[in-house]
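Visitor:
Numbering (UniProt numbering), first residue to last: 1 to 103.
1) How is the alpha helix (DSSP H) around residue 40 delimited, first residue to last?
2) I believe residue 73 touches residue 55 by the beta-carbon criterion, under 8 Å. Please report the beta-carbon distance rounded to the nearest angstrom.
3) May I have the straight-line CA-CA distance separating residue 86 from residue 78, to the nearest angstrom?
4) What's the C-alpha gap between residue 9 and residue 61?
5) How is residue 64 classed by DSSP in three states: helix, strand or coil?
6) Tell whether a beta-carbon distance below 7 Å holds between residue 114 and residue 84.
7) Just to confirm, is the Cβ distance from residue 32 to residue 43 under 7 Å?
8) Which stretch, first to last residue, makes up the alpha helix (DSSP H) that contains residue 75?
9) Among the residues of its own chain, which have a CB less than 7 Å from the CB of residue 6, if the five just before and after it don't count?
10) Residues in the same chain with beta-carbon distance under 7 Å from residue 17, minus the five sequence neighbours each way, listed in chain order, please.
So, in structure tokens, the structure goes:
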């Protein structure tokens, strides 16, 4: 299953913003700095946490590090959430049946 560490990593809004940006396209640190309006050291600090937790990887192109999302940790989070998603679906289906019976 997913570790508590994954949730701690994702709890930080800046890291979620970085992942959202990387979801759309691979990006260099400079691209992320520009997109997020943050300092390079701050973005690098968050990228380090994301990289150590396995959420992103990087490759070097010329003198730039290009970051991209890794799917596996997000799949683990999704797997952990699946039973809760089913619970809500079951409750919403029951509500729909109840409302339909009131017509």
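Positions of the beta carbon are idealized from the N, C-alpha and C atoms, including for glycine.
Guide: On the basis of the coordinates in this document:
1) 40-52
2) 5 Å
3) 12 Å
4) Cα atoms of residue 9 and residue 61: separation of roughly 27 Å, rounded to the nearest angstrom.
5) strand
6) What the structure shows of the chain is the stretch from 1 to 103, and residue 114 is not part of that stretch, so it cannot be assessed.
7) yes
8) 71-101
9) 53, 73, 76 and 77, listed in sequence order.
10) Residues of the same chain with a CB within less than 7 Å of the CB of residue 17, apart from the 5 flanking positions on each side, are 36 in chain order.
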